[in-house]
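Protein chains in written order, with this note's numbering: chain A, 1 to 331; chain B, 332 to 662; chain C, 663 to 871; chain D, 872 to 1080.
Structure, as structure tokens:
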Amino acid sequence: MKKFVNDPKQFVPEMLTGIALANPDTLRYEPKYNLIMRADAPRADKVSIIQGSGSGHEPAHVMVVGKGMLDGACPGDVFAAPPMDYVYETVKLLKSDKGVLLLVNNYTGDRMAFDMAKEMSEAEGIKVATLFINDDVAVQDSTWTVGRRGVAGNFFVMKCVGAASEEGAELDEVVRIGEKVNSVTRSMGIALTACTPPAKGSPLFELGDDEIEIGVGIHGEPGRRRAKIVSADEIVDELLGAVVPDLPYSSGDRVALMINGLGGTPISELYLLYGIAHKKLADQGITVARSYVGEYCTSLEMAGASLTLVKLDDEIERLLEAPAEIAYRVF
Amino acid sequence: MKKFVNDPKQFVPEMLTGIALANPDTLRYEPKYNLIMRADAPRADKVSIIQGSGSGHEPAHVMVVGKGMLDGACPGDVFAAPPMDYVYETVKLLKSDKGVLLLVNNYTGDRMAFDMAKEMSEAEGIKVATLFINDDVAVQDSTWTVGRRGVAGNFFVMKCVGAASEEGAELDEVVRIGEKVNSVTRSMGIALTACTPPAKGSPLFELGDDEIEIGVGIHGEPGRRRAKIVSADEIVDELLGAVVPDLPYSSGDRVALMINGLGGTPISELYLLYGIAHKKLADQGITVARSYVGEYCTSLEMAGASLTLVKLDDEIERLLEAPAEIAYRVF
Amino acid sequence: MAVDLAGIERVVKVIAQTAVDNETYFGELDSVVGDGDFGYSLARGFEIVLADWDDLDRTDAATFLQKVALIITGRIGGTSGPIWGTAFLRAAMTVKTRETLDGDTVVAMLDAAVEGIKARGGADVGEKTLLDAIVPMRDTIAARLTEGASAKEIADAAATTARESAEATKSMQAMRGRAAYTGERSIGSVDAGATAIGVIATAIAEQWA
Amino acid sequence: MAVDLAGIERVVKVIAQTAVDNETYFGELDSVVGDGDFGYSLARGFEIVLADWDDLDRTDAATFLQKVALIITGRIGGTSGPIWGTAFLRAAMTVKTRETLDGDTVVAMLDAAVEGIKARGGADVGEKTLLDAIVPMRDTIAARLTEGASAKEIADAAATTARESAEATKSMQAMRGRAAYTGERSIGSVDAGATAIGVIATAIAEQWA
Ligand SMILES: Nc1ncnc2c1ncn2[C@@H]1O[C@H](COP(=O)(O)OP(=O)(O)O)[C@@H](O)[C@H]1O
Ligand SMILES: Nc1ncnc2c1ncn2[C@@H]1O[C@H](COP(=O)(O)OP(=O)(O)O)[C@@H](O)[C@H]1O
Ligand SMILES: [Mg+2]
Ligand SMILES: [Mg+2]
Ligand SMILES: [Mg+2]
Ligand SMILES: [Mg+2]
């Protein structure tokens, strides 16, 4: 394994320390719960927005804490949902009169930790709602009850509920918006390489020099099927072919298009994919009105990309446009 | 080779097409010269800032075109300085009464193309200045005349001259600022893996599973020496040990600290390095007043990172803080 | 008389030590069609059980088990935290109303744990989870008890069944947890959670030697 | 009488074709201590020379060479564009004042090219660049001319010297260009530019067969 790491067990705490040191004025770090929270949270006039999830998806979610996005993120270790305590203590630290919204990427472990924490918080009189994000079309939800996974589309849910809560919207309203955004968001990913959790020290799966995994999640778990590497055009066809018909997105729709890097793919390749997808959507009469190209939800250093579409309406577009200030930034 | 690519010869044009499609209102693309330029440039009341360099360093430089940064970037192919024509035509398209500033990462090929283009432009009465960026301490400049290389520190030069030119500063003043920033900026990089130019299809060098290259540049060329992989702490010591004494940066200084990813290293690892470096600088009495963590100047999909320090003064800090809007963005 | 605390302690310690010792192995198992964190998660939690060992409240066996359950729930991430935490909590509640740590008590504790796991994760036998090792193991224990076998014999038989049942998950398709996302590709490899139960049961049986 | 256009054309075409044919090989050479783009850069430029071939201005040999130089300078990136472009431009200027494409003219063209390359890139012989193949080759041609050798003999000797001189760059430390950044590590591998000169000179000599 070649990574910038000291003791692998300290990988997450040391990363969180870096985030905190880089943003001393705006963020606060609670090491006991892997918690990165806004220094000015909780605010009585704002619903608190909390994400958990595992680590290894950075910038999601610890680097998107800030004005107009999350109030706090309390990830578990790499690829592990947070222990229930982390969520429960985070809710207590961030509780607000307006309520707390827990954003949960839809996985068994995350659901259980957040459900348990919600129950315990409610028993203490805290107003809590949960919202499960499940944008991944690679997974069909007929056979197993937990259903589709939450992947990079979670960015759009976070952005919109973050903006709405910043404007002072009530919990119900914030939940309505988040559910709407989730309901019009679909994603699909492709991996070119596996990834290596620091504590494991070796790749989670082996891919041949000419192989790709189609329909991967964001935890280094294998995808739905393996295929030979093909051209960027064909890869975009594969992704759009899965995503577009699923909602479906149709001629006349305005959409946001995200090409998300999974961690090891340079932004040059992501923009190349973006250009192809933008044109192919235009050919279908679908207008890309907003573009998102870069890393939003990664799988450690996995090379690969996911494509996300969000069907826009005036409300969503306005919330996506609203200003936000987070640790993940250029300047 | 596993990359998102169609015909490798079209790698750069297809990437540039993606950038243009993602930013239809703010950017213009001139395919003949690999040129990405601001849609509102040139402006008679503003010095035009132009970068060239090779491709493969994205977001530098084609994705940092925009308000407060570059007016145009006309890269060559992957790792190749732009042909002289690209620069010359770009200067003609972006010429302004206030003048044109050419930012050149200090490499033989880049210097020659920009010098020739400058001569030809001046012959046509265009006011042109060049500024060579050479922040890399890995290269000593005693033996060969072209001297030190320009690497990720170029971001700070671009940011400051971009901000100054946006404020309407005259060419001389913009050059003074750029030269000052360059003179207080030092960088050093370490690679964990080699990188693969699309047209080559195989890695530029081979690194063993437990080896790193110390003092690499940003073109996949080998570094100054090879070593066994060590802990993140020791890597930061190595980088700071080369960078800090070079200017030198001393106790009492306020600095900007950049941990730049070389393309394949996830931001989690970059923040881990950041935290370590921030603390070690504090131990030496050096205050990190501004932080930059992420990808600024890459080497395709190379895993690795570089560390850059900029000694701050009030003027530099003000220019770094000034607003900017570029294609490389989160929201 | 309350259930013998020493007996509970001994079993818990074996479980904790086995989880810590098998971190890498359990992680490898979870890498095949999962995300590789199972070994790490268990080890980080049970490591704390061992570290806090001397300070755990030992008012009675139930209280002790409850404290262990709290550490697990609070400190283990992923699916395993809630699942294993719930199992320990339910077992603790069973012990509360029992007098001795005999075979019947063990079966009752396992029944409670199984119900807790089912309630928490919605899984049932045959869906390729740790239930596919625990439930057959529980049945073996119950059957041998009726036959009047010795504690040692029962422990050995339980371990054998747990191991064999874990091995049998190979042919199952995962219907729960992260492995389920891989669909039919999950067939052909054993379930990590079930295998862990087999390893732990074996370690427990070895204590009787 | 002006210099024979056909002769110039033939040599330029061989150079262009050789650059295109050796894209991968030249790229590999530049990968050892450089950035691997040398083959790609040359090929992309000379590809255009070949594509535009029929439309190039053939008013006279000097004009023709000048047009080629413009394509090279304008379309080849990296260090090679300015270096090779300058070399062709200087050679074109030499031809302007010459009557025939004889041995003396060739030597004069090479001298002009060498001066151009030195002026443009600041390098000199012994610094591990293409100069280390061109300059010895030029000296061989001049020497054989004095001895009264035939054109074919001279071309063969030039090719041999270019190849041997390129090979001899192996023991040099790079003092110019990107390879110089690797310091002593550049010792032990041939220079890409010098080797290209050897390959091209060999291809030209083969035309005389
Ligand atoms: N819904 C469920 N109910 C019970 N056990 C489950 C369930 N889902 C998964 N498991 C068990 O958990 C094990 C994986 O644990 P862990 O790695 O902690 O989960 P994950 O990483 O998927 O969150 C599986 O091998 C399986 O035995
Ligand atoms: N200053 C220089 N003067 C003349 N030739 C040079 C100089 N620097 C490098 N070269 C030649 O150029 C070759 C590399 O060309 P190229 O790959 O285009 O350059 P780069 O990628 O370094 O910009 C070297 O092998 C060497 O022969
Ligand atoms: Mg997990
Ligand atoms: Mg180059
Ligand atoms: Mg797991
Ligand atoms: Mg080169």
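We put the beta carbon where it would ideally sit given N, CA and C, even for glycine.
Predicted, not measured: the structure shown is a model, and the values here were computed from it.
For this session: Note the first and the last residue of the continuous beta strand (DSSP E) segment covering Lys-666/B.
Result: No statement about residue 666/B is possible, as the shown extent of chain B runs from 332 to 662 and does not include it.
Problem set entry | Three-state class that DSSP yields for Ser-386/B in the structure shown | Looking at Ser-386/B - three-state DSSP - the assignment turns out to be strand.
For this session: On the DSSP bridge assignment, give the partners of Arg-359/B in chain order.
Result: Met-368/B
For this session: Please determine, among Ser-533/B, Val-561/B, Lys-531/B, the residue with the shortest C-alpha to C-alpha distance to Ile-545/B.
Result: Nearest C-alpha to Ile-545/B: Val-561/B.
For this session: Would you decide whether Met-663/C is buried or exposed? Buried here means 16 or more other CB atoms lie within 10 Å of its CB.
Result: Bear in mind that the predicted position of Met-663/C carries a pLDDT of just 37, short of 50, making it too unreliable to give a figure here.
Exercise. How close, in whole Å, do the beta carbons of Leu-638/B and Glu-14/A come, if the pair is a contact with beta carbons under 8 Å?
Worked result: Their Cβ separation, rounded to whole angstroms, is 16 Å, which puts Leu-638/B and Glu-14/A out of contact at 8 Å.
Exercise. Is the Cβ of Ala-375/B closer than 8 Å to any Cβ of chain D?
Worked result: no
Exercise. With 8 Å set as the bound, which would you pick, yes or no: does the beta-carbon of Phe-410/B sit closer than that to a beta-carbon of chain A?
Worked result: no
Exercise. Within the 8 Å Cβ cut-off, does Asp-931/D reach chain B?
Worked result: no
Problem set entry | Rounded C-alpha distance that separates Asp-766/C from Glu-815/C | 15 Å
Exercise. Given a threshold of 16 other Cβ atoms within 10 Å of its Cβ, counted over all protein chains shown, does Asp-970/D qualify as buried or as exposed?
Worked result: Before going on, a small fix: residue 970/D reads as Glu here, not Asp. Exposed is the call here.
Problem set entry | Met-872/D (DSSP reduced to helix, strand or coil) | Because the pLDDT at Met-872/D is just 37, under 50, the model does not fix this residue reliably, and the point stays unresolved.
For this session: Using only the heavy atoms of ligand 4, determine whether one of them is closer than 7 Å to the beta carbon of Ala-324/A.
Result: For ligand 4, not one heavy atom lies less than 7 Å from the Cβ of Ala-324/A.
Exercise. What's the C-alpha gap between Arg-369/B and Ile-380/B?
Worked result: 11 Å
Problem set entry | Length of the line joining the Cα atoms of Phe-114/A and Ser-121/A | 10 Å
Exercise. Should Tyr-324/B be listed as close to ligand 2, given that the test is whether its C-beta is under 7 Å from any heavy atom?
Worked result: Here chain B covers residues 332 to 662 and nothing more, so residue 324/B does not appear.
Exercise. Does DSSP classify Arg-915/D as helix, strand or coil?
Worked result: helix
Exercise. Would DSSP call Ser-1021/D helix, strand or coil?
Worked result: coil
Exercise. Cβ of Phe-79/A versus every heavy atom of ligand 7: is any distance shorter than 7 Å?
Worked result: Summarising the ligand content, the structure contains ligand 1, ligand 2, ligand 3, ligand 4, ligand 5 and ligand 6 and does not contain ligand 7.
Exercise. For Tyr-896/D, is the beta carbon positioned less than 7 Å from some heavy atom of ligand 2?
Worked result: no
Exercise. Which two residues bound the contiguous beta strand (DSSP E) that contains Glu-213/A?
Worked result: Counting along the chain, the beta strand (DSSP E) containing Glu-213/A begins and ends at 211–214.
Exercise. Between Glu-315/A and chain B, is there a C-beta pair that is closer than 8 Å?
Worked result: no
For this session: Give the straight-line distance between the Cα atoms of Val-966/D and Met-980/D, rounded to the nearest whole angstrom.
Result: So the alpha carbons of these two residues sit roughly 7 Å apart.
Exercise. How is Asp-136/A classed by DSSP in three states: helix, strand or coil?
Worked result: strand
Problem set entry | Completely contained alpha helix (DSSP H) runs for the stretch 278–327 of chain A, where each covers 4 or more residues | Contiguous alpha helix (DSSP H) elements confined to the stretch 278–327 of chain A occur at 314–321, taking only those with 4 or more residues.
For this session: Check the C-beta distance from Val-65/A over to Leu-27/A and give it rounded, since I have them as a contact under 8 Å.
Result: 6 Å
Problem set entry | Euclidean distance between Cα positions of Ala-587/B and Leu-643/B | Using only the alpha carbons, I get a separation of about 7 Å.
Problem set entry | Spatially closest choice to Ala-242/A from Gly-150/A, Ala-194/A, Leu-309/A, Ala-152/A, by CA coordinates | Leu-309/A
For this session: Could you give the DSSP three-state label for Val-459/B: helix, strand or coil?
Result: Val-459/B falls in the strand class under three-state DSSP.
Exercise. Any idea if Asp-428/B is buried or exposed, counting beta-carbon neighbours within 10 angstroms, 16 or more meaning buried?
Worked result: exposed
Problem set entry | Reduced DSSP secondary structure (H/G/I, E/B, other) of Asn-437/B | coil
For this session: Answer yes or no: does any C-beta atom of chain B fall closer than 8 Å to that of Ser-1021/D?
Result: no
Exercise. What are the boundary residues of the alpha helix (DSSP H) that Met-258/A is part of?
Worked result: Careful: Met-258/A lies outside any alpha helix (DSSP H), inside the beta strand (DSSP E) at 254–261.
Problem set entry | Segments of 4+ residues assigned as alpha helix (DSSP H) that fall wholly inside the stretch 500–525 of chain B | 502–514
Exercise. Can the beta-carbon of Ala-454/B be found less than 8 Å from the beta-carbon of Val-422/B?
Worked result: Taking 8 Å as the Cβ cut-off, Ala-454/B and Val-422/B do not qualify as a contacting pair.
Exercise. Helix, strand or coil: how does DSSP classify Val-939/D here?
Worked result: helix
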